[in-house]
Ligand code: NDP
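In UniProt numbering, the protein residues as written are 2 to 474.
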């Protein structure tokens, strides 16, 4: 018997993806650099389906039906290249290598191009949902050729999460498109988490609520428009009591957030593409600030305002509105980045389809994504989600509360960079005139960088060092 698909790299993600495939009735070949992992998988879970264990790459490849479908689930970066170099010589034209790791999309473009020359399809695939998702149904974002999706799509859709019967998996676009979209998904995840963290901080320090009370607030929010996996687990974490101290768990955790890099990539890529993603950038920077222990210690005694003037009743509702509005901004920025990446690399990504496959399986899964899908269905070319009827109305309704929350945070000295940058972005987009006009004037003054005028075409320069007449540049 041959396997329909094979997985190499059997740490938490690969092992659970292989089990998910087997549980869906697909015979799956399994391989790991260190064979003990392969053995352990078959011993522990062999009764869940048909596993074909292989100790060597040669045996692994031999056990696959043609065209071969080979999923690589190893540590991203050098290890992925090492595994490709090891397996590619054993493959034939038409075979497929699926990289399900968190690869940088630029690496995926490089690998795809190199393997395409050898006739091998390289399918850079975003997989979200952590180890539970991998086992029970992740959100899957495969890139690569349309031909490879014909051979792989049905299998991947089969093991993906489903929402209303629709698989959370679709062909994203050529070469690096899948990993690009996964990267932005993670960037949005950073922003979402930061906004939730700020909401908690404000409820705690402006409204004076205890963690258990805040957990209740999040539980209530989770029955409304904010319903999402992240809000749900936030309530769980806040309600959790530390066994050692008997106090709130959140109070014993060191307040230094870590990161693995996809949020940073989202911002670096946005800078390269010229897309403003302040909400995502502030989320990455907020984690960075938290981790600078020595810097924070040095600054600890800097003066701040009195926090006596605590927020009044209704503050939790105001925070809910600020959170919803800021979340819309973060998603609008993330989708803008996908739109820009798609245009830059010619991927032709269907934005509404991305919202559709993020509704289940992944970390940012939420009811809200149905709204985004509907917005792109109504106008696939919309320059920003903010102008969609539903979102424009929601933000319009929220803006008073949103401003109050940002003002309260500033007044009480509670950092709320996510809320503040989201509001600034909103106000920047709606501004009739931006002070960028002055910036242009300064640039022309010190560097003769020229400017354009509002009243006629062309580029101009003022002779700042001379008689200040204007000349055509
Ligand atoms: P790890 O990222 O911890 O990687 C461990 C696996 O990589 C092991 O199977 C290991 O083999 C293998 N490996 C490492 N170096 C090499 C090498 N040079 N040659 C061959 N194999 C090598 O595993 P995870 O399961 O956590 O993640 C797998 C991929 O999925 C990563 O790219 C990760 O970023 C991505 N991912 C992870 C998520 C998660 O929640 N953990 C979510 C979504 C994506 P050995 O046993 O021999 O050491």
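No residue lacks a Cβ here, since even glycine has one placed at the ideal position from N, Cα and C. If you're wondering where the values come from, they're calculated on a predicted model, not measured in any experiment.
| Check | Outcome |
| --- | --- |
| Residue 84 versus residue 14: straight-line alpha-carbon distance, rounded | 16 Å |
| Segments assigned beta strand (DSSP E), at least 3 residues, entirely inside the segment 149-181 | none |
| Three-state secondary structure (DSSP) of residue 385 | coil |
| N-terminal and C-terminal residue of the beta strand (DSSP E) that residue 100 is part of | 97-100 |
| Any C-beta of chain C under 8 Å from that of residue 30 | Given the protein chain composition of this structure (a single chain), no chain C is represented. |
| Neighbour-count burial assignment, residue 25, 16 or more Cβ in a 10 Å radius | exposed |
| Contact belief for residue 244 with residue 316 at Cβ below 8 Å, rounded distance in angstroms | Contact flag wrong, Cβ pair sits at about 32 Å. |
| DSSP state of residue 253 mapped onto helix, strand, coil | coil |
| Inter-stretch contact at 8 Å, needing at least 3 Cβ pairs: the segment 404-417 / the segment 290-308 | yes |
| Residue 17 classed as buried or exposed, judged by whether at least 16 other C-beta atoms fall within 10 angstroms | buried |
| Sub-8 Å separation of residue 234 and residue 222 beta-carbons | no |
| contact_flag[the segment 156-165, the segment 385-397] where n(CB pairs < 8 Å) is 3 or more | no |
| Rounded straight-line distance, which links the Cα of residue 358 to that of residue 178 | 14 Å |
| Contacting residues, own chain, Cβ-Cβ under 8 Å from residue 379 (five flanking each side not counted) | 389 and 390 |
| Check: residue 40 C-beta below 7 Å from any heavy atom of the ligand NDP | no |
| Residue 4 to residue 29 span [Cα, whole Å] | 5 Å |
| For residue 423, the nearest candidate out of 111, 128 and 193 (CA to CA) | 193 |
| Proximity of residue 350 and residue 182 at Cβ, strictly below 8 Å | yes |
| Residue 94 to residue 119 span [Cα, whole Å] | 7 Å |
| CB-CB length for residue 366 against residue 230, believed under 8 Å | 5 Å |
| For residue 375 and residue 387, the rounded distance between their alpha carbons | 13 Å |
| Limits of the unbroken beta strand (DSSP E) element including residue 142 | 140-143 |
| Exposure of residue 168, with buried meaning 16 or more beta-carbon neighbours within 10 Å | buried |
| Cross-strand partners of residue 461 (DSSP beta bridge) | 452 and 473 |
| Buried versus exposed call for residue 446 [16 or more other C-beta atoms within 10 Å across all chains shown] | exposed |
| Close-in-space but distant-in-sequence residues of the same chain around residue 89 (CB under 8 Å, 5 per side omitted) | 98, 116, 119 and 121 |
| For residue 22, the nearest candidate out of 139, 55, 464 and 100 (CA to CA) | 139 |
| Start-to-end residues for the alpha helix (DSSP H) that takes in residue 224 | It is not in any alpha helix (DSSP H) - residue 224 carries neither H nor E in the DSSP assignment. |
| Classification of residue 302 by the beta-carbon crowding that lies within 10 angstroms, buried from 16 upward | exposed |
| In DSSP terms, what residue 71 is bridged to | 7 and 98 |
| Closest residue to residue 236 among 63, 282 and 198 (Cα-Cα distance) | 198 |
| Same chain, Cβ closer than 6 Å to residue 77, five either side skipped, listed in chain order | 102, 103 and 104 |
| C-beta contact flag for residue 147 and residue 172 at 8 Å | yes |
| Three-state secondary structure assigned by DSSP to residue 229 | strand |
| Residue 125 (DSSP reduced to helix, strand or coil) | strand |
| Rounded straight-line distance, which links the Cα of residue 267 to that of residue 38 | 33 Å |
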